[in-house]
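Heads up, the thing below is written out as structure tokens.
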Amino acid sequence: EAGVAQSPRYKIIEKRQSVAFWCNPISGHATLYWYQQILGQGPKLLIQFQNNGVVDDSQLPKDRFSAERLKGVDSTLKIQPAKLEDSAVYLCASSLEVSGNTGELFFGEGSRLTVL
Amino acid sequence: AQSVSQHNHHVILSEAASLELGCNYSYGGTVNLFWYVQYPGQHLQLLLKYFSGDPLVKGIKGFEAEFIKSKFSFNLRKPSVQWSDTAEYFCAVKEGAQKLVFGQGTRLTINP
Chain A
1 EAGVAQSPRY KIIEKRQSVA FWCNPISGHA TLYWYQQILG QGPKLLIQFQ NNGVVDDSQL
61 PKDRFSAERL KGVDSTLKIQ PAKLEDSAVY LCASSLEVSG NTGELFFGEG SRLTVL
Chain B
1001 AQSVSQHNHH VILSEAASLE LGCNYSYGGT VNLFWYVQYP GQHLQLLLKY FSGDPLVKGI
1061 KGFEAEFIKS KFSFNLRKPS VQWSDTAEYF CAVKEGAQKL VFGQGTRLTI NP
């Protein structure tokens, strides 16, 4: 079974530039998550989709971050404009259950963003 | 809001030593508890999970964890570690339909 695919793996940009990350979840997984993992910290949920609807985006900085999951499959996370503190690994995860209640998430390898 | 605390940021052990990594969560209702592991250069993956029943749960690669409700703890253990256990370990908690909340992680280094 193919895992969660993410791209790009690495991205270096200057502050105030924009960046986009792409995620393709495991086939058939209804729920998709974007996490931000800053160095030395645990992953923090940015946004959770159930199919193509948003379940939780309470910790998404909506003035600069946006995400969409068109057609309930792939997802894109965008940052515009980027700040220095956005330097982190952006993890995409998916889960089979519609509600994600079992909590078993399958993670991609992440996209490492460096903002200079 | 739910919070998760992992007491040890970096643990260094020799092979064959016993391991215990601490995890405490803030008070709440019924919780589901998890340990995830990230081996060097790999993605996060589930090590073990607790939903209900026997508070001692066994996971992959000889790991186990014990849920102690009165202490709000879910410590990870392994009786004899191997060099290949070198990784970062994350405790995570889910309360009902709330989001999965991760601790800050513990980096484990096993010296051969």
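Those protein sequence lines, which keep their order, are chains A and B. All the letters of the first sequence, read from the start, carry residue numbers 1 to 116 under the numbering used here. All the letters of the second sequence, read from the start, carry residue numbers 1001 to 1112 under the numbering used here. Note that CB positions come from ideal geometry on N, CA and C, so glycine has one too.
Rounded separation between A:G100 and B:I1110 - CA only: For this step, residue 100 of chain A is matched to residue 100 along the first sequence. For this step, residue 1110 of chain B is matched to residue 110 along the second sequence. Interpretation of A:G100 is limited by its pLDDT of 49, a score under 50 that renders its predicted location unreliable; no figure is taken from the coordinates.
Any C-beta of chain A under 8 Å from that of B:F1074: Here residue 1074 of chain B is taken as the residue at index 74 of the second sequence, counted from 1. It does not: the Cβ of B:F1074 has no partner Cβ on chain A nearer than 8 Å.
Local conformation of A:E85 per DSSP, three classes: By one-based count along the first sequence, residue 85 of chain A stands at place 85. A:E85: helix per DSSP, three-state reduction.
Chain A contacts made by the stretch 1077 to 1104 of chain B, where a contact means CB separation under 9 Å: F1090, C1091, A1092, V1093, K1094, G1096, A1097, Q1098, K1099, L1100, V1101, F1102, G1103, Q1104
From A:P8, A:Q6, A:G53, A:L91, residue whose alpha carbon lies closest to that of A:L39: On the first sequence, position 39 is the one that residue 39 of chain A refers to. The option with the nearest alpha carbon to A:L39 is A:L91.
Proximal residues of chain A, C-beta to C-beta of B:H1007 below 9 Å: For the purposes of this step, residue 1007 of chain B is identified with residue 7 of the second sequence, where counting begins at 1. Near B:H1007 there are no residues of chain A at all, since even the closest Cβ is about 14 Å away, more than 9 Å.
Cβ-based contacts, 8 Å cut-off: residues of the stretch 36 to 51 of chain A near chain B: G40, Q41, G42, P43, K44, L45, Q48
B:S1005 in three-state terms, based on DSSP: One-based indexing of the second sequence puts residue 1005 of chain B at position 5. If DSSP states are grouped into helix, strand and coil, B:S1005 belongs with the strands.
Chain B contact for A:E109 (CB, 8 Å cutoff): As a first step, residue 109 of chain A must be located in the first sequence, where it is residue number 109. Yes, A:E109 lies at the interface with chain B (some Cβ there is under 8 Å from its Cβ).
Nearest-angstrom Cβ-Cβ length linking A:S111 and A:R9, presumed shorter than 8 Å: Here residue 111 of chain A refers to the residue found at position 111 of the first sequence. Here residue 9 of chain A refers to the residue found at position 9 of the first sequence. Right, their Cβ atoms sit about 6 Å apart.
Between the CA atoms of B:T1030 and A:S87 - distance to the nearest angstrom: Residue mapping note: residue 87 of chain A aligns to position 87 of the first sequence, counting from 1. Residue mapping note: residue 1030 of chain B aligns to position 30 of the second sequence, counting from 1. Rounded to whole angstroms, A:S87 to B:T1030 spans 35 Å at the Cα level.
For A:L96 and B:L1056, the rounded distance between their alpha carbons: Taking the first residue of the second sequence as 1, we reach residue 1056 of chain B at position 56. Taking the first residue of the first sequence as 1, we reach residue 96 of chain A at position 96. The alpha-carbon atoms of B:L1056 and A:L96 are separated by roughly 25 Å.
Three-pair Cβ contact test at 8 Å for the stretch 1060 to 1076 of chain B versus the stretch 1031 to 1040 of chain B: yes
Residues of the stretch 1027 to 1052 of chain B with Cβ closer than 9 Å to any Cβ of chain A, in chain order: N1032, L1033, F1034, Y1036, Q1038, G1041, Q1042, H1043, L1044, Q1045, L1046, K1049, F1051
Check whether B:L1013 and A:F107 have beta carbons under 8 Å apart: In the second sequence, counting from the first residue as 1, residue 1013 of chain B sits at position 13. In the first sequence, counting from the first residue as 1, residue 107 of chain A sits at position 107. Going by C-beta atoms, B:L1013 is not nearer than 8 Å to A:F107.
Three-state secondary structure (DSSP) of A:L70: Here residue 70 of chain A is taken as the residue at index 70 of the first sequence, counted from 1. Here A:L70 sits in helix by DSSP.
Beta-carbon proximity of B:P1079 to B:E1015, cut-off 8 Å: The residue given as residue 1079 of chain B occupies position 79 in the second sequence. The residue given as residue 1015 of chain B occupies position 15 in the second sequence. Their beta carbons are not under 8 Å apart, which means B:P1079 does not touch B:E1015 by this criterion.
Distance CB(B:F1102)-CB(A:P43) smaller than 8 Å: Sequence index remark: in the second sequence, residue 1102 of chain B carries index 102 (1-based). Sequence index remark: in the first sequence, residue 43 of chain A carries index 43 (1-based). Closer than 8 Å, so yes.
Anticipated Cβ contact below 8 Å, B:Y1050 with B:F1090, distance rounded: Within the second sequence, numbered from 1, the residue matching residue 1050 of chain B stands at position 50. Within the second sequence, numbered from 1, the residue matching residue 1090 of chain B stands at position 90. Not quite, the Cβ-Cβ distance comes to about 15 Å (not below 8 Å), so this is no contact.
Distance cut-off 7 Å: B:P1040 Cβ against heavy atoms of the ligand FMN: Among the components of this structure there are no ligands whatsoever, and the ligand FMN is therefore not found.
Whole-angstrom C-beta distance between B:V1004 and B:V1081, which should lie under 8 Å: By 1-based counting over the second sequence, the position of residue 1081 of chain B is 81. By 1-based counting over the second sequence, the position of residue 1004 of chain B is 4. Actually they do not touch by this definition, with Cβ atoms about 23 Å apart.
Cross-chain neighbours of A:D56 in chain B, by beta carbon under 9 Å: On the first sequence, position 56 is the one that residue 56 of chain A refers to. Here the neighbours are Q1098, K1099.
Of the residues A:A5, A:G3, A:A2, A:I12, the one placed nearest A:L84, counting alpha carbons only: Residue numbering aside, residue 84 of chain A sits at position 84 when the first sequence is read from its first letter. For A:L84, the nearest C-alpha among the options comes from A:I12.
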